[in-house]
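Beneath this line is the structure, given in structure tokens, with notes to follow.
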Amino acid sequence: MIEEICCKKFGIFMKDAILALEDGTTIEGKGFGKEGISKGELVFATPYTGYEEAMTDPSYRGQLLMFTYPLIGNYGISYEHMQSDTIQTDGVVVREVCLDPNHRNSKTDIESFLKEHNKRGISEIDTRKLTTRTRRRGTVKASMMVGETDKEKAIEVAKNLPDITERQLIEKVTTQEPYRMKGDGPRIALIDTGVKQNILNNLKRKGFDLFVYPLNTSPLKVEGCDPDAIFVTNGPGDPKNAENAIEIVQHFVGEIPIFGICFGLQIISLALGAETYKLKFGHRGANQPVKDHEKDIVYITAQNHGFAVDENSLEDTGLEVIQTNPNDNTVEGVRDDYLDILTVQYHPEACPGPKDVEEKFFGKVRKILEG
Amino acid sequence: MPKRPGINKVLLIGSGPIEIGQAAEFDYSGSQACRAFREKGVEVVLVNSNPATIMTDPEMADSVYIEPLTSESLTEIIRKENPDGIAAGLGAQTGLNLTAELSEKGILDKYDVEVLGTPIDTIYKAEDREKFRDMMNRIGEDIARSEAVNSIDEAEKVAKKLGLPVIIRPAYTLGGSGGGVATTYKELEEIVERGLTLSRINQVLVEESVLGWKEFEYEVMRDRNDTCLTVVNMENFDPMGIHTGESIVTAPSQTLSDYDHQRMRTSAIEIIRELGIEGGCNIQFAFNTETGEYKVVEVNPRVSRSSALASKATGYPIARVAAKINIGLNLDEIPNDVTKETPASFEPTVDYTVVKIPRWPFDKFHNVDRSLTTQMKATGEVMSIGRTLEEAFQKAIRSLDIGEIGLNPNQRRVFEKDEVEEYLETPTDMRLFAIYDALRNDYTLEEISKTTDIDEFMLQKIKNIYEREKDIKTDWKSNLKQAKRDGFTDKQISNLAGVDRKTIRKEQEDQGIKTTYKMVDTCAAEFKAETPYYYSSYEDESESIREDEEDNREKVLILGAGPIRIGQGIEFDYCCVHSVNALEEENIESLIVNNNPETVSTDYDTSDKLFFDPLTLDDVVNIIEEEEPDGVMVQFGGQTSVNLAVPLKEELEKRDDLETEVYGTSPEMMDMAEDRDRFSSLLDELGISQPESRIASSKQEAKEAAGEIGYPLLVRPSYVLGGRAMEIVHEEDELEEYMEEAVKVSPDHPILIDRFIEDGIEIDVDAVCDGEDVLVGGIMEHIEEAGVHSGDSACVIPPQSISEEKIEEIKEHVKDISLALNAVGLVNIQMAIKDGEIYILEANPRSSRTIPYVSKATGIPLAKLAAKTMVGKSLEELGYTETPEIDHVAVKEVVLPFDKLLGVDPVLGPEMKSTGEVMGIDYDFGKAYYKAEIAANNEIPTEGKVVLSIRDTDKPKIVPIAKKLEKHGFELLGTKGTAEYLQKKDININQVNKVSEGSPHIVDKIREEEIDLVINTPTSGKKPKRDGYKIRRAVVNLKTPYITNIQAAKAASNAIEAIKEGEIITKSINEHQEKIEGIKNE
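And the structure:
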């Protein structure tokens, strides 16, 4: 049933594979990584570099990650740029996978990397067709079967998958135990809803004394570390499911400064009474413009989000929209000087993506905390 | 913020003639800029000496000046037009240099002209290597260690410090002109000497070598608000040490991790901020793959060849956006034309890979050094788009139009085991093929990479193609889908598998494999795109026919011209673009297929649909199958498209499922005009003369034929097109030499022997025929004698030495021949007149390279009229029946590549060597010729020393010329024979030694820069050891003005006289054309 020997030559895999969508569409391809079945919301990401970072980004939990760039795996896997300790996406969808990488830091290829983490991918897919479809009709639930190709079963799996808004994904990516990354600077309590490694790296580089808490920590416990600020991070799924994080923000708001990135912006907004909604297909790229209305400049940013804050709902919260996306005018940055809140929808820490705002954002955090 | 107030009129400087290092890309960027400015209500004054460009069409700008690109003529134009700003960064290096010069001379201040986009100071920072180094040090960017020097001695000192090899880079030159890699001190001396001469400020940089590092490029944009973005990054296939214009390039980068990529991207943005550029900029990096270090190599503070490539590779129109930024708009205020709904303030991303391969002119030259270095030799390039890199490579190779349809040898030389190493080691145009041959000889990727410094990732892709060929040979059917996805055409599969194309098509159908067309949309499908820009692929979904498409208009596919090369320049792109415009005016849907990223025809908003694909039968038929156009136009794209005419017609006739027809003159007739026997009998029937001719299959036959016709003779092989290996022989010895050395004659490969019409006047005519009427668009008189390839000859409209009566006779002949060929569309006829008799040399019912020049000179849009006749309009309906009279004189001069190609004898002959052209326009021949020469960078001195070295047959003709020069105050020097001859004619001339007569000789004098003009007419023969050759090479290397034929010398003396006795008139082409009588005002 399963081809034991895979022919690595020319990047073709002998393992048959299928991708099934909830509407009953199935697409045949070639599988790589571990045999088996995966399921998730099918999303597309447009950067042409950074697959190692993206695959290990906890925000991709519960999703099948489709790369629009047609060649993936070219420079191998270095393990140096992983954004968490494992592959987070439930599967990858590519046009062509490269199994002969060549790079000074490459330790293994993408197929072995997937196998190592019991994950899988499907290649030889017309990813542009699927991307266009996603753009037109919105994201869909999908399943991926590698080694076995039972179409009926695959469709069934895709259909039966609960909607992303109903899935509890944060608990799968949050830290199990609280921990501390000691620093000489102000103390930050970071609520880990799936934090990316480079957010931690940046905060550490700025010298903060970091206390990282699992999602289900009580506000009182957080208070116990006597933080100078709260930091809410990126994470998977619907922000409304991060109830505990919302509670923590509500507990500290007005008391100490609150910062957030991506999911964090949505949680903070929800905590202050605003609304979030699911985007048709989200923003996942390294090329997203963000207009800073105060400085009248546009930044090119890395983004990865499927939900957004409803701008109108911010009206009574006191939060001021300072940045928006010129592509669709969605909210990209909000602030409240009185309450000392600063939070952005994009990823200043990039990884993958441009670092044009990395120093600006983390420098600002440091500046606010130093008064 | 809207457009800046106060900037209402902008001066845009074009890039001049097509040269090595500067091809059509600036026509593309300039045309985009014109449109971008005018959309915002800004008046445009455009100056360019190149008439073959779209940008010099009178309707492109408010005033178009076809004038020399010198600070003198620009000063006059600024005085006359009074522009508010000058767009320095949109017109190539020429534009930047001129802007700097005008600023230095105080002209910009005097007339209050603001420099837009690229500040003057930035031009210096980017070009003056020392300032550049200081700037990079200041912002903490690493660059190769280097020192700027002004002499050979200093250069040696620096080289000793850095250690050989070193890179020599002259300041302010084009395409690395004059630069090179010096591995010995002798080479250092040569390169530095040349570099110092070529540099505008007499400075070269001696730079530490990062040979073997990889090269990456970033295209960066910035606006007034300091918003910065990169359009794309590009990875060179070839390592450092090869000019990026000479390198195979992929976009985006293939082997960089995100970490590597972001570091260089961040640097690129830091650099554009530091330079303060408001517009676009290109930054090149060297990258060490073993350590991850990188160094900044070069910055181009302007649009460039690379930015044209990046624009075509992503769909993001860099020049257009830069132009808008120039007049004050910010990136988020400029819409992304492709998506319409999103702004230009984002970074494009792609879901395909792009490969660029340069096109070199080595097929045109004997004795040329084919090695690739830091100095450009390529004339053009091709780009291809694929969903796999293998596909993109294969498409690019067949786009080159060099007789190869893949890596597997077709016509090319096969590298055997013992020579592979050498061809891997020394990079040449053949290295890609040598890699393939190395694989065939069981080289490992590691071995190849070690010798070539090419990344194993890239080599693996070549290997995949090689392996796939083996699979096809073994079992083509089960490998068909993968083969198609890897870019194999039916022809290739047919060759490899030994089955015919029909069987392959059938199998494809059975397996459900279909050519699909994917869109280039700047955003990898994230947003809905409106641009109709496609490439072929083998996927599930095709996007070119839209579901909601309700276009019932007639549909026509135009075949483009492919890469710019010698013999096939930008003129054919001009014709293609005009045919698109004509179709638009006739409400017909236009599709274009082309693969040249530099051109206007491959701009996404030129045609209704653009297909960026190779121009082979398979590729074109695939498009026809998908789009089912009513007609195909094959006559505009030069040799590339004309060569497809007959096979395409045959294929279409075979296919019951396709109703597409070839429009215009039938391919049979196009073919017939090339067939000597048939064309000869046609002329006989019409009672029109032609030079006597014979065909010879052996040396003996050739000698007999020569005896019958009489010398001199024009000889050429019958199986080569385009003047290759064509020569004029004056006596039997030369004929024998030709047959022994130049061509191998045999019954299968006979040679053609024509009487050569010596001392005749050569005439070129461009006409349009609608099948019933013929419009003679322009009659051009060549300045050089018959025998110089018409593409290399300067010419003039209207003719200067032909009687009214003969003109009428010429027109009659053109009409008779056009009608006899049943031509519909363009016709070009070449003739020679001698002793009152007109001889037809050639007739070609298709576009010619003189179409744009004639159209600019006479105001008749010939290509447009031709396209309209091809869709059924008559000339009468179009209102063009009479040839208009003009009261100005327009001279076309050509630009030759000798300064870039070492070892080539810089003399004109029957084989075409020029890369581009310029036009000079004024009210008498002398002045127009003067302007044309200045524009072509052939300085005509008005005082100083002239050296004459004239062959015996020309000596009587030099007398009046020498007298004229003497009269206007020149000091004359001559080699022995010439001086003695002229002294006898009472001309005051001193003798100078020939090289063979010992120092101080003529070349010494030229070296010491004592000479202002050299007139040297060559004795025939190809041996480059003669004195004349040494003189000519010396003048080329040292940029001394030189003339190699008597007619040009005569024209130059007339020009000198005209300049000394009258004033130059600077007028826009719009003003000139308004005055033309009888031209239809639309």
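Going down the list, the protein sequences come from chains H and V. For the first sequence, numbering that gives the first Met the number 0 gives the first residue as 0, with consecutive numbering after it. For the second sequence, numbering that gives the first Met the number 0 gives the first residue as 0, with consecutive numbering after it. The C-beta atom is built at its ideal place from N, Cα and C for all residues, glycine as well. Every value quoted in this text rests on a predicted model; they were computed, and no experiment measured them.
- Here the alpha carbons of residue 98/V and residue 197/V stand approximately 18 Å from one another.
- Under the DSSP definition of a beta bridge, residue 299/V partners with 281/V.
- Only those residues of the stretch 215 to 243 of chain V whose C-beta falls short of 7 Å from the nearest C-beta of chain H are listed: 224, 225, 226, 228.
- In this structure, the beta-carbon distance from residue 80/H to residue 350/H falls below 8 Å.
- Excluding residues up to 5 positions away in sequence, 470, 471 lie with their Cβ nearer than 6 Å to the Cβ of residue 478/V in the same chain.
- Annotation: the stretch 762 to 829 of chain V contains the following complete segments of the alpha helix (DSSP H) (minimum length 4 residues), in chain order: 803 to 819.
- Within the DSSP bridge table, the entry for residue 593/V names 611/V as partners.
- Interface with chain V (8 Å Cβ-Cβ cutoff): residue 227/H is excluded.
- Listed along the chain, the chain V residues whose CB falls inside 9 Å of the CB of residue 334/H amount to none; the nearest CB is some 20 Å away.
- The beta-bridge partner set that DSSP reports for residue 73/V is empty.
- According to DSSP, residue pairing for residue 120/H in a beta bridge involves 31/H, 91/H.
- Annotation: the stretch 984 to 1008 of chain V contains the following complete segments of the alpha helix (DSSP H) (minimum length 4 residues), in chain order: 1001 to 1006.
- Burial check for residue 503/V: the Cβ neighbour count within 10 Å reaches 16 or more, so the residue is buried.
- The DSSP-derived three-state label of residue 588/V is strand.
- Secondary structure of residue 317/V (DSSP, three-state): helix.
- Interface with chain H (8 Å Cβ-Cβ cutoff): residue 886/V is excluded.
- At the C-beta level, residue 18/H and residue 124/H come within 8 Å of one another.
- Closer than 8 Å to the CB of residue 292/H there is not a single CB belonging to chain V.
- In terms of beta-carbon proximity, residue 268/V lines the interface with chain H, with at least one pair separated by less than 8 Å.
- In the structure shown, residue 1047/V adopts helical secondary structure according to DSSP, grouped into three states.
- Neighbourhood of residue 388/V in chain H, by CB distance below 8 Å: 70, in chain order.
- Contact between residue 285/H and residue 353/H holds, with the beta-carbon distance rounding to 6 Å and staying under 8 Å.
- Among the CB atoms of chain V, none fall inside 8 Å of the CB of residue 369/H.
- Under the Cβ criterion of 8 Å, residue 491/V is not counted among the residues facing chain H.
- In this structure, residue 81/V and residue 110/V form a Cβ contact; the two beta carbons are roughly 6 Å apart against a cut-off of 8 Å.
- A straight-line Cα-Cα distance of about 45 Å links residue 786/V and residue 102/V.
- In the structure shown, residue 870/V adopts coil according to DSSP, grouped into three states.
- Taking 3 residues as the minimum length, the beta strand (DSSP E) runs contained wholly in the stretch 594 to 682 of chain V are 608 to 611, 630 to 632, 660 to 662, in order along the chain.
- By the neighbour-count criterion, in which 16 or more other beta carbons inside 10 Å mark a residue as buried, residue 363/V falls on the buried side.
- Here the alpha carbons of residue 338/V and residue 350/V stand approximately 16 Å from one another.
- In this model, residue 382/V and residue 196/H are separated by some 40 Å (Cα to Cα).
- The beta-carbon of residue 321/H is placed no less than 8 Å from the nearest beta-carbon of chain V.
- Runs of the alpha helix (DSSP H) lying entirely within the stretch 151 to 208 of chain H and spanning at least 4 residues, in chain order: 169 to 172, 196 to 204.
- Around the CB of residue 138/V, fewer than 16 other CB atoms lie within 10 Å, so the residue is classed as exposed.
- From the beta-carbon of residue 354/H, the residues of chain V found nearer than 7 Å are 261, 265.
- Among the bridge pairs identified by DSSP, residue 37/H is matched with 143/H.
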